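Undergrad: Each position in the sequence shown, counted from 1, maps to that position plus 3 in my numbering.
Below are the structure tokens for one structure; questions will follow.
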Amino acid sequence: MISVNSVTVAFGGTPLFDNISFLINPNDRIGLAGRNGAGKSTMLKLLAGEQNPTKGEVAIPRDCTIGYLPQDMIHQHGKTVYEETESAYLEVKKLQKRLEVINTQLQTRTDYESDEYMKLIEELTDINHRLDIIGVDNMEAEIEKILKGLGFDRKEFSRKTSELSGGWRMRIELAKLLLQKPDVLLLDEPTNHLDIEAIQWLEEFMETFAGAVVLISHDKAFLDNITKRTIEIVNQKIYDYKTNYSHYLILRAERKEQQENAQKNQQKIINQTEVLIDKYRAKASKAAFAQSLIKKLDRMEKVEVDEDNNAAMYFRFPPPAHSGKIVITAEGAGKEYGPKRIFSDANFIIAKGEKIGFVGRNGEGKSTMMKMIANQIKFEGDVKLGHGVLMGYFEQDQEEKLEQDKTVFQTIDDLAAGDIRKRVRNLLGAFLFSGDDIEKKVKVLSGGERGRLALCKLLLEPYNLLLLDEPTNHLDIRSKEILKQALMDYEGTIVMVSHDRDFMKGMCTRLFEFRDGHLKEHLGGIEDFMELRKVERLNELDLDKSGVKKEVVIEKKKPEVNQNEQEQKQIRNQIKKSEAEIEKLETEIKICDEKLSNPDTQNQAVNDKEFMSNYSSLKTQLEKEMQNWESLSSKLS
Numbered sequence: 004m005i006s007v008n009s010v011t012v013a014f015g016g017t018p019l020f021d022n023i024s025f026l027i028n029p030n031d032r033i034g035l036a037g038r039n040g041a042g043k044s045t046m047l048k049l050l051a052g053e054q055n056p057t058k059g060e061v062a063i064p065r066d067c068t069i070g071y072l073p074q075d076m077i078h079q080h081g082k083t084v085y086e087e088t089e090s091a092y093l094e095v096k097k098l099q100k101r102l103e104v105i106n107t108q109l110q111t112r113t114d115y116e117s118d119e120y121m122k123l124i125e126e127l128t129d130i131n132h133r134l135d136i137i138g139v140d141n142m143e144a145e146i147e148k149i150l151k152g153l154g155f156d157r158k159e160f161s162r163k164t165s166e167l168s169g170g171w172r173m174r175i176e177l178a179k180l181l182l183q184k185p186d187v188l189l190l191d192e193p194t195n196h197l198d199i200e201a202i203q204w205l206e207e208f209m210e211t212f213a214g215a216v217v218l219i220s221h222d223k224a225f226l227d228n229i230t231k232r233t234i235e236i237v238n239q240k241i242y243d244y245k246t247n248y249s250h251y252l253i254l255r256a257e258r259k260e261q262q263e264n265a266q267k268n269q270q271k272i273i274n275q276t277e278v279l280i281d282k283y284r285a286k287a288s289k290a291a292f293a294q295s296l297i298k299k300l301d302r303m304e305k306v307e308v309d310e311d312n313n314a315a316m317y318f319r320f321p322p323p324a325h326s327g328k329i330v331i332t333a334e335g336a337g338k339e340y341g342p343k344r345i346f347s348d349a350n351f352i353i354a355k356g357e358k359i360g361f362v363g364r365n366g367e368g369k370s371t372m373m374k375m376i377a378n379q380i381k382f383e384g385d386v387k388l389g390h391g392v393l394m395g396y397f398e399q400d401q402e403e404k405l406e407q408d409k410t411v412f413q414t415i416d417d418l419a420a421g422d423i424r425k426r427v428r429n430l431l432g433a434f435l436f437s438g439d440d441i442e443k444k445v446k447v448l449s450g451g452e453r454g455r456l457a458l459c460k461l462l463l464e465p466y467n468l469l470l471l472d473e474p475t476n477h478l479d480i481r482s483k484e485i486l487k488q489a490l491m492d493y494e495g496t497i498v499m500v501s502h503d504r505d506f507m508k509g510m511c512t513r514l515f516e517f518r519d520g521h522l523k524e525h526l527g528g529i530e531d532f533m534e535l536r537k538v539e540r541l542n543e544l545d546l547d548k549s550g551v552k553k554e555v556v557i558e559k560k561k562p563e564v565n566q567n568e569q570e571q572k573q574i575r576n577q578i579k580k581s582e583a584e585i586e587k588l589e590t591e592i593k594i595c596d597e598k599l600s601n602p603d604t605q606n607q608a609v610n611d612k613e614f615m616s617n618y619s620s621l622k623t624q625l626e627k628e629m630q631n632w633e634s635l636s637s638k639l640s
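Take a look at the structure:
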């Protein structure tokens with residue numbers, strides 16, 4: 004369908020891609036992978052025709068339609084939500100006008116055997132086929148289905164787009180693309196402004212989408228559920244894997260190991276050849292042989308190992324301060340903004356050590372409840388913190404509230420107190436701020452850097468309650484996994500809002516759903532909740548068709564044990580045992596070394612066969628234990 008042929012893209016003489024080629028086939032589901040700055044967004048711009056390659060070409064068939072959703076775009080104002088979404092059918096109106104012209108010509112012309120007449124027939128067929136794909140017979144129903152799926156209530160259809168936030172306007176742009184049903188859909192971080200239910204709906208929509216999809220996302224679950232092919236961009240090259248993101252990570256690790264082994268073997272050959280060159284170059288009878296070896300080395304294509312972006316956060320939350328058993332109590336809590344009622348009569352108790360998730364559609368009150376717990380807004384009823392509760396609060400727009408003119412170092416140093424002030428540089432290093440980076444002003448940092456800096460502030464106090472409102476915004480997949488592990492190991496209480504299912508999976512054991520002005524408790528994890536919402540949505544569709552409400556029935560799943568997390572925990576325990584054994588062996592060997600180095604005991608030790616045998620055995624055990632430690636450490640993700 005689309006052919007990328009020997010494409011090179013360079014900025015200021017530095018290539019981003021160098022001579023890359025691949026095909027996008029009908030119905031492909033492709034995820035673009037690679038570190039930040041590798042060129043993923045640039046690749047989408049090339050495919051969308053918004054940027055030209057420095058060399059090579061991107062060949063797109065003339066009749067191929069492309070829909071492109073960038074991360075940032077200029078939104079149109081002046082229309083209602085429905086009117087703006089309806090503008091997606093501009094292509095339909097043009098096709099229908101052309102159809103009228105063709106029908107008129109076919110009725111008036113009599114040159115039935117001419118080439119021009121046959122071309123009109125072919126064009127008529129193509130237009131009708133395209134209109135069938137778009138589905139013009141039920142446009143109103145399609146618009147409503149797409150908008151409701153993306154989280155709009157029917158009452159919001161008449162709102163002006165200028166009244167909406169950027170995230171909701173981005174949903175309208177996505178709705179327009181889905182209605183247009185292009186042959187190729189290019190999506191750059193489409194889940195950034197979607198809640199969990201809208202993401203799940205989009206995944207279900209993609210199951211029946213007839214075109215090809217190429218997308219960029221930091222949502223691992225979304226990538227795994229949508230994509231069946233992963234194109235990695237690394238070191239100006241691409242690697243094409245016929246699998247989803249999670250399996251691609253396994254294959255990539257295998258590929259790198261093969262490269263490293265090939266590089267080691269090649270280096271052995273190079274070293275051996277250089278020894279021969281040095282040996283024979285001075286001998287007249289062997290000079291020609293030496294020269295041939297030199298030419299052989301010059302012609303040898305060096306095996307390169309793809310560089311990984313190994314920079315990653317590494318931290319643990321400090322042990323929490325002691326608190327009472329009841330951490331948060333809410334009784335009859337509610338909130339309204341002006342005439343709009345957000346929710347009412349919320350009642351719950353959160354106990355020490357629990358990890359709670361707030362879920363629900365955007366605008367239903369999740370962040371509002373967080374602000375109520377933090378006592379940042381006025382509200383109805385009571386929300387109280389328990390005895391000895393020390394709260395750390397990461398707000399959804401936390402990075403925007405950082406003081407813009409402070410440096411990275413000043414931001415943390417000004418808040419640090421006591422012994423932790425001595426470790427500010429180490430703390431910043433754990434969040435990838437080192438060297439000159441710590442002197443950067445906050446206002447010049449990227450969204451991801453500001454997010455990491457805001458998270459760093461949570462380590463300055465031994466908080467025993469963490470309120471986390473979308474803590475993974477702007478974080479890449481690897482950083483999310485590290486943050487998740489730190490939270491899994493945290494011994495305090497967590498209340499979080501997140502639209503990232505993979506992040507919540509295995510962590511939150513109780514969920515509070517905000518929906519239609521009420522708060523509902525769900526026992527179980529995020530997967531149980533998503534299955535419940537899927538069944539409820541199907542029943543709502545049945546209700547729309549029949550007018551008879553059906554009872555939601557869902558089989559309760561047993562809580563799944565996260566196998567990977569269990570294995571990682573076992574590996575960490577094994578590493579601790581290995582380190583203890585290494586320390587014990589090194590102590591025993593040190594005692595032996597002291598005897599062998601002391602002139603008074605040296606001769607006796609050397610002549611003592613049992614001593615020397617034990618000494619040799621200790622060294623062998625240490626070597627084996629070091630190999631065991633290395634093997635275990637390599638398995639730790």
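Glycine included, every Cβ here is placed at the ideal spot set by N, Cα and C.
Fair warning: this is a prediction, and the values are worked out from it, not measured in the lab.
Rounded to whole angstroms, what is the Cα-Cα separation between residue 240 and residue 217?
TA: Cα to Cα, the separation comes out at about 18 Å.
Undergrad: With distance defined between alpha-carbon atoms, name the residue in 137, 121, 62 and 634 nearest to residue 95.
TA: Taking only the C-alpha atoms, the option nearest residue 95 is 137.
Undergrad: Between 337, 343, 345 and 342, which lies nearest to residue 351 when the distance is taken from Cα to Cα?
TA: Nearest option by C-alpha distance: 337.
Undergrad: Using the Cα positions of residue 608 and residue 573, report the straight-line distance between them to the nearest angstrom.
TA: Roughly 41 Å between the two C-alpha positions.
Undergrad: Check each candidate in 327, 170 and 360 and name the one with the smallest Cα separation from residue 387.
TA: Checked all of 327, 170 and 360; the closest Cα to residue 387 is 327.
Undergrad: Would you kindly work out how many angstroms separate the C-alpha atoms of residue 487 and residue 602, rounded to a whole number?
TA: Answer to the nearest angstrom: the Cα atoms are 56 Å apart.
Undergrad: If distances are taken between C-alpha atoms only, which option among 339, 363 and 456 comes closest to residue 444?
TA: The residue with the shortest Cα to Cα distance from residue 444 is 456.
Undergrad: Which one or two residues does DSSP pair with residue 18 in a beta bridge?
TA: The partner list for residue 18 (beta bridge, DSSP) reads 13.
Undergrad: Can you name, in chain order, every residue of its own chain whose Cβ lies under 7 Å from the Cβ of residue 504, other than the five neighbours on each side?
TA: Once the five neighbours on either side are set aside, the close Cβ partners of residue 504 are 199, 224, 529 and 533.
Undergrad: Taking the beta strand (DSSP E) that residue 188 belongs to, which residues open and close that run?
TA: Its beta strand (DSSP E) spans residues 187-191.
Undergrad: With a Cβ-Cβ cutoff of 8 Å, do residue 92 and residue 182 count as a contact?
TA: A contact, by the Cβ cut-off of 8 Å.
Undergrad: Taking the DSSP output, what are the residues bridged to residue 8?
TA: Beta-bridge pairing links residue 8 to 60.
Undergrad: Alpha carbon to alpha carbon, what distance is there between residue 281 and residue 440?
TA: Cα-Cα distance, rounded: 46 Å.
Undergrad: Count Cβ pairs between the segment 343-359 and the segment 519-527 that sit closer than 8 Å; are there 3 or more?
TA: Segments in contact, yes.
Undergrad: May I have a chain-ordered list of the alpha helix (DSSP H) segments no shorter than 4 residues that lie completely inside the segment 560-625?
TA: The qualifying runs are 566-600 and 602-610.
Undergrad: Determine contact between the segment 464-474 and the segment 382-401, defined as no fewer than three beta-carbon pairs at a distance below 8 Å.
TA: Enough Cβ pairs lie closer than 8 Å, so yes.
Undergrad: Using a Cβ-Cβ cutoff of less than 8 Å, which residues in the same chain neighbour residue 28 once the five nearest sequence positions on both sides are dropped?
TA: Only 4 and 215 meet the Cβ criterion.
Undergrad: Would the beta-carbon of residue 237 fall within 8 Å of that of residue 265?
TA: No, Cβ-Cβ distance for residue 237 and residue 265 is not below 8 Å.
Undergrad: Residue 335 to residue 375, Cα distance in whole Å?
TA: Each residue's Cα considered, the two are about 12 Å apart.
Undergrad: Taking the alpha-carbon positions, what's the residue 159 to residue 342 distance?
TA: The alpha-carbon atoms of residue 159 and residue 342 are separated by roughly 16 Å.
Undergrad: Could you have a look at residue 494 and say whether DSSP puts it in helix, strand or coil?
TA: DSSP places residue 494 in coil when its eight states are reduced to three.
Undergrad: Less than 8 Å separating the beta-carbons of residue 57 and residue 11?
TA: Cβ atoms of residue 57 and residue 11: closer than 8 Å.
Undergrad: State whether the segment 151-165 contacts the segment 79-86, with contact taken as three or more CB pairs (one from each stretch) at a distance under 8 Å.
TA: Yes, the segment 151-165 is in contact with the segment 79-86.
Undergrad: What runs of the beta strand (DSSP E), each 3 residues or longer, lie entirely inside the segment 251-318?
TA: With a minimum length of 3 residues, no continuous beta strand (DSSP E) run stays inside the segment 251-318.
Undergrad: My assumption, with CB atoms under 8 Å, is that residue 6 sits in contact with residue 26. Please give the rounded CB distance.
TA: The Cβ separation is near 6 Å, so the contact holds.
Undergrad: In chain order, what residues of the same chain have a beta carbon less than 6 Å from the beta carbon of residue 438, not counting five sequence neighbours either side?
TA: Closer than 6 Å at Cβ, skipping near neighbours: no residue.
Undergrad: Please return the same chain residues whose Cβ sits closer than 6 Å to the Cβ of residue 60, not counting the five positions on each side in sequence.
TA: For residue 60, where only same-chain residues beyond five positions count, the Cβ hits under 6 Å are 8.
Undergrad: By Cβ distance, which residues of its chain are closer than 6 Å to residue 153, with the 5 residues on each side in sequence left out?
TA: Closer than 6 Å at Cβ, skipping near neighbours: 174, 178 and 201.
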